[in-house]
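Please read the structure below before turning to the comments.
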């Protein structure tokens, strides 16, 4: 539902870039029947019952501050209806606000579609709500968070971004704020618990908090968490896994932390190794024996009991289960059956504590079990998990969900959720520096998870929050409304995001820059380049030089646009666009440039010196931009938040190259112009692909035809792919097809192609490295040329070994099928859907001419 905005001469709509709820109209004159918040010396009052939930009062105060951020005029917050003037904002929770309940009883506002719902709110303009008020904006919540979300929805509509503080998004100044007549209702959310995990905070959030933001505490504590909680509510998030690395003061050790979370209405939980919401990282120092439940049961129960007593009165989702100390595997019997039995015993003991200190009716105590890493193997080995516990499925740390609920699990009372990463410290590579996870990937995996019942709890590993702002924003929107951006509307997200922060004028260009940034980063995350800097070929298809050219063009676009951004938006632009684009581009200059440098140095070619200069210049610029981020940006507000070149961890950090020089290094000719492969616009939705140099290269999203079967069809996922978009099977809940019947029963893609010569054909298919949906599925497609018998290929990687490592570094699972002799002439390649979950990126038909490459040869088609 949307506001029914009155027409205004010379009116402007603020906040229209949101996934829209209210439309707050800002004009030159009051609106008949509307509510004037600010007009000259006329200011509305904000009412909130002093007995309402604490977060209702907090939100009301923030709204008053937000009006001041936009207009320079601050509204008064009052707690008595008699103190209200002619125009008012009335904030209240059903059953906790006397005035709101009075308005409901008087039928001034209908809350029949709100009452009793989870985190739902209604905003309506009400005439003469009480005798002394002409008109009021009434914000009613079904519960305390619903109230807060309604208030912050109005804040966003008047032009205050949820990122006003965390990304320095300065709102546009307005002298007049008028809310037009109408009403809206929003909620309940698609996902019950929607949250973030602050993790690997050693190189960002903790240094910044301890040295810059809260030096008195010298750590991450209540002052920092208050800003985190505010951001979460503005994004309509409600659940947190707090920071938990060694050196960070544990969340539960500071009583004010969890009391503050409760005041803000935030549900405080804990990450997968923190059973009973208590961090065990300091256990080895406590002198209580080994962290092993079979040999040290009572000491561990006592350890958990202390936190159950302290935090039992506060709203929480309790993490149950058991892993080792910090993030290590669980200690116990050597055999799997023994481990499973021990884990069941620990869960029983934990639930006994929850019955004692939280609620005797254990099914009313929200609990989550996260089968992360080895815990998933224990779960698969037969762990008897209580039916009321939420299963929080995990991905493989690189964006690919390991498992989702089968039909039996979907019927569980506790339901399921997902723990997801856009930041990770570990093997085979860490990415804790800049965020290059495409929103389209988050959409593909999380919409699939939701379709399989994962709607109880979502938690996103956000690292230090910065610079994961875009991913967090998209995550929050999906969790609130799974249909906010469907498959067709995915490209609109970046436009909406940019418009809401930088305005409509610059939004299309910024969205284009960020789309390219995510596409290039998806093909290879900058932080992983050190693992194999020569992965992009310097010899074939212009791969390496083309990548340098693409990043050079992107950086030039971002730099050029920076000059046009208004002064008040420049800090936000640097944080959200310019810095990540530059760091990605410069990191590629270092590592891809190193490939050229080493090759020319081996040849004693002075061009080695030119590339050495490129590398040295890029490293210097990385340091310069990061120093600006820390020391100058926003007046030094973010000092110590950004660690140049990622993490300083000796185990997981970058290994930067040392360039080689020829002779004295001074003989450096100009760098050769990088190859920019010409692209020709698609002229038809049904291209005819033609052989070139012994191969046919096809972007999967360009089938000549698609054939739907039984309501199943291959469809495009825009914005997701290494060299273009991708094709996936929809609906994702479709049944698998009998491999013997694919030709007759399976949805198909068909690609017409022409060859000039005959030869044995091999077909290489580049799929995204998704995982089978659950153990009653495979990850299969079938393929044939012309009238061959279809070959069925299953590329699921169950074991996270070397093949999986290669797949997640290149974001591709590459398979090859042999097809025998193909005569010169016209042919058709058939690809059938056997299992949902397959996402296809590129196809190469090799007749003996294709060369090994990272991205695959460029697309070849008639007329290109």
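In the numbering used here, the protein residues as written are 388 to 1251.
Cβ atoms here follow ideal geometry from the backbone N, Cα and C, with glycine treated the same way.
Values in this document were obtained by computation on a predicted structure and should not be read as measured data.
Does residue 1001 pass the burial test, meaning 16 or more other C-beta atoms within 10 Å, or should it be called exposed? As a working note, residue 1001 is residue 614 in the chain shown. Under the 10 Å beta carbon count, residue 1001 is surrounded by 16 or more other beta carbons and is classified as buried.
The segment 1166-1185 in contact with the segment 881-893 per 3-pair CB rule at 8 angstroms: The segment 1166-1185 vs the segment 881-893: no contact.
If you check the beta carbons only, do residue 1061 and residue 935 fall under 8 angstroms apart? Against the chain shown, residue 1061 aligns to sequence position 674. Against the chain shown, residue 935 aligns to sequence position 548. Result yes, Cβ atoms of residue 1061 and residue 935 sit closer than 8 angstroms.
Own chain, CB closer than 6 angstroms to residue 976, minus 5 neighbours either side, in chain order: For this step, residue 976 is matched to residue 589 along the chain shown. Correct list, in chain order: 1001 and 1005.
List the residues that DSSP assigns as beta-bridge partners of residue 1167. Reading the chain shown from its first residue, position 780 is the one you call residue 1167. Beta-bridge partners assigned by DSSP to residue 1167: 1181.
What distance in whole Å lies between the Cβ atoms of residue 534 and residue 478, which are believed to be in contact at a cut-off of 8 angstroms? The count along the chain shown starts at 1 and reaches residue 478 at position 91. The count along the chain shown starts at 1 and reaches residue 534 at position 147. At roughly 6 angstroms, the Cβ-Cβ gap stays under 8 angstroms, so residue 478 and residue 534 are in contact.
In terms of residue numbering, what span does the beta strand (DSSP E) encompassing residue 1227 cover? Residue 1227 sits at position 840 when you count from the first residue of the chain shown. For residue 1227, the enclosing beta strand (DSSP E) covers residues 1226-1233.
Taking the alpha helix (DSSP H) that residue 685 belongs to, which residues open and close that run? Within the chain shown, the letter at position 298 stands for residue 685. Per DSSP, residue 685 belongs to the alpha helix (DSSP H) from 684-698.
Out of 1146, 491, 735 and 1014, point me to the one whose CA is closest to residue 1083's CA. The sequence position of residue 1083 within the chain shown is 696, counting from 1. Of the listed residues, the one whose Cα sits closest to residue 1083 is 1146.
In the segment 808-871, which residue ranges form an unbroken alpha helix (DSSP H) of at least 4 residues, counting only runs that do not cross its ends? Qualifying alpha helix (DSSP H) stretches, in chain order: 826-838 and 856-867.
Where does the unbroken beta strand (DSSP E) through residue 1005 begin, and where does it stop? By 1-based counting over the chain shown, the position of residue 1005 is 618. Element bounds for residue 1005: not the beta strand (DSSP E) but the alpha helix (DSSP H), 994-1018.
State the DSSP-derived secondary structure class of residue 405, mapped to helix, strand or coil. If you number the chain shown from 1, residue 405 lands on position 18. Low local confidence applies: a pLDDT of 35 at residue 405 is under 50, so the model's placement there is unreliable, and no value is given.
Check whether the Cβ atoms of residue 754 and residue 705 lie closer than 8 angstroms to each other. Residue numbering aside, residue 754 sits at position 367 when the chain shown is read from its first letter. Residue numbering aside, residue 705 sits at position 318 when the chain shown is read from its first letter. Cβ atoms of residue 754 and residue 705: closer than 8 angstroms.
Starting from the Cα of residue 972, find the closest Cα among 949, 1040 and 903 and give me that residue. In the chain shown, counting from the first residue as 1, residue 972 sits at position 585. Cα-wise, what sits closest to residue 972 is 903.
Assigned secondary structure, residue 1137 (DSSP; H/G/I helix, E/B strand, else coil): For the purposes of this step, residue 1137 is taken as the residue at position 750 of the chain shown. In this structure, residue 1137 counts as strand in the three-state DSSP scheme.
From this set, 994, 694, 713 and 717, which residue's C-alpha is nearest residue 743's C-alpha? Walking along the chain shown from the start, residue 743 turns up at place 356. Closest by alpha carbon: 694.
Counting pairs of beta carbons, one from the segment 760-775 and one from the segment 804-822, are three or more of them closer than 8 angstroms? With a cut-off of 8 angstroms on Cβ pairs, the segment 760-775 is not in contact with the segment 804-822, counting fewer than three such pairs.
Pairs of beta-carbons, one from the segment 833-843 and one from the segment 567-575, closer than 8 angstroms: are there three or more? Verdict: no, contact absent.
So which of 1092, 1176, 1156 and 1111 has the shortest CA-CA distance to residue 1129? Mapped onto the chain shown, residue 1129 falls at position 742. Out of 1092, 1176, 1156 and 1111, 1176 has the C-alpha closest to the C-alpha of residue 1129.
Between which residues of its own chain and residue 687 is the CB-CB distance below 6 angstroms, once the five residues before and five after are set aside? Along the chain shown, read from residue 1 onward, the residue named residue 687 stands at position 300. Correct list, in chain order: 680.
First and last residue of the uninterrupted beta strand (DSSP E) at residue 676: On the chain shown, residue 676 is found 289 positions in, with the first residue counted as 1. Neither: residue 676 is in no beta strand (DSSP E) and is coded neither H nor E.
Can you say whether residue 1241 is buried or exposed, counting buried as having 16 or more other CB atoms within 10 angstroms of its CB? If you number the chain shown from 1, residue 1241 lands on position 854. Result: buried.
Where residue 725 falls: helix, strand or coil (DSSP): Position 338 of the chain shown holds residue 725. DSSP places residue 725 within a helical segment (H, G or I) once states are collapsed to three.
Using the Cβ count rule (16 or more neighbours within 10 Å means buried), how would you classify residue 1071? As a position in the chain shown, residue 1071 is number 684, starting the count at 1. At residue 1071 the pLDDT is 43, less than 50, meaning the model places this residue with poor confidence and gives no usable figure here.
Taking its Cβ as the centre, do 16 or more other Cβ atoms sit within 10 Å of residue 402, making it buried, or is it exposed? Taking the chain shown and counting its residues from 1, the one referred to as residue 402 is at position 15. Confidence at residue 402 is low in this model, with a pLDDT of 34, below 50, so the placement of that residue is unreliable and no value is reported for it.
Using 10 angstroms around the beta-carbon of residue 995, count the other beta-carbons present and answer buried if the total reaches 16, otherwise exposed. Residue mapping note: residue 995 aligns to position 608 of the chain shown, counting from 1. Result: buried.
Start-end ranges of the alpha helix (DSSP H) lying completely within the segment 624-652, minimum 4 residues: Residue ranges of uninterrupted alpha helix (DSSP H) with 4 or more members, entirely inside the segment 624-652 and ordered along the chain, are 642-650.
Straight-line gap, residue 970 to residue 471 (C-alpha atoms, nearest Å): Taking the first residue of the chain shown as 1, we reach residue 970 at position 583. Taking the first residue of the chain shown as 1, we reach residue 471 at position 84. Looking at the two C-alpha atoms, the distance is approximately 52 angstroms.
Beta-carbon proximity list for residue 792, same chain, < 6 angstroms, skipping 5 on both sides: Locating residue 792 in the chain shown gives position 405, counting from the first residue. The beta carbon of residue 792 sits closer than 6 angstroms to those of 803, 839 and 840, all from its chain and outside the five residues before and after it, given in chain order.
Is the beta carbon of residue 517 sitting closer than 8 angstroms to the one on residue 566? Translated into the one-based positions of the chain shown, residue 517 becomes position 130. Translated into the one-based positions of the chain shown, residue 566 becomes position 179. Residue 517 places its beta carbon 8 angstroms or farther from that of residue 566.
Decide if residue 442 is buried, meaning its Cβ has at least 16 other Cβ atoms within 10 Å, or exposed. Locating residue 442 in the chain shown gives position 55, counting from the first residue. So residue 442 ends up on the buried side.
So what does DSSP say about residue 900, is it helix, strand or coil? Within the chain shown, numbered from 1, the residue matching residue 900 stands at position 513. Helix.
Thinking residue 654 and residue 626 are a contact (beta carbons under 8 angstroms), I'd like their distance in whole angstroms, please. As a first step, residue 654 must be located in the chain shown, where it is residue number 267. As a first step, residue 626 must be located in the chain shown, where it is residue number 239. The Cβ separation is near 5 angstroms, so the contact holds.
Run the CB neighbour count on residue 1184, radius 10 Å, all protein chains shown included, and call it buried at 16 or more, exposed below. Position 797 of the chain shown, counting from 1, holds the residue named residue 1184. The residue in question, residue 1184, is buried, as its Cβ has 16 or more Cβ neighbours within 10 Å.
Using a 10 Å radius around the Cβ and a threshold of 16 neighbouring Cβ atoms, would you call residue 673 buried or exposed? Start at 1 with the first residue of the chain shown, and residue 673 comes out as number 286. Exposed.
From residue 873 to residue 547, what does the alpha carbon distance come to, in whole angstroms? One-based indexing of the chain shown puts residue 873 at position 486. One-based indexing of the chain shown puts residue 547 at position 160. Spanning the two alpha carbons is a distance of roughly 26 angstroms.
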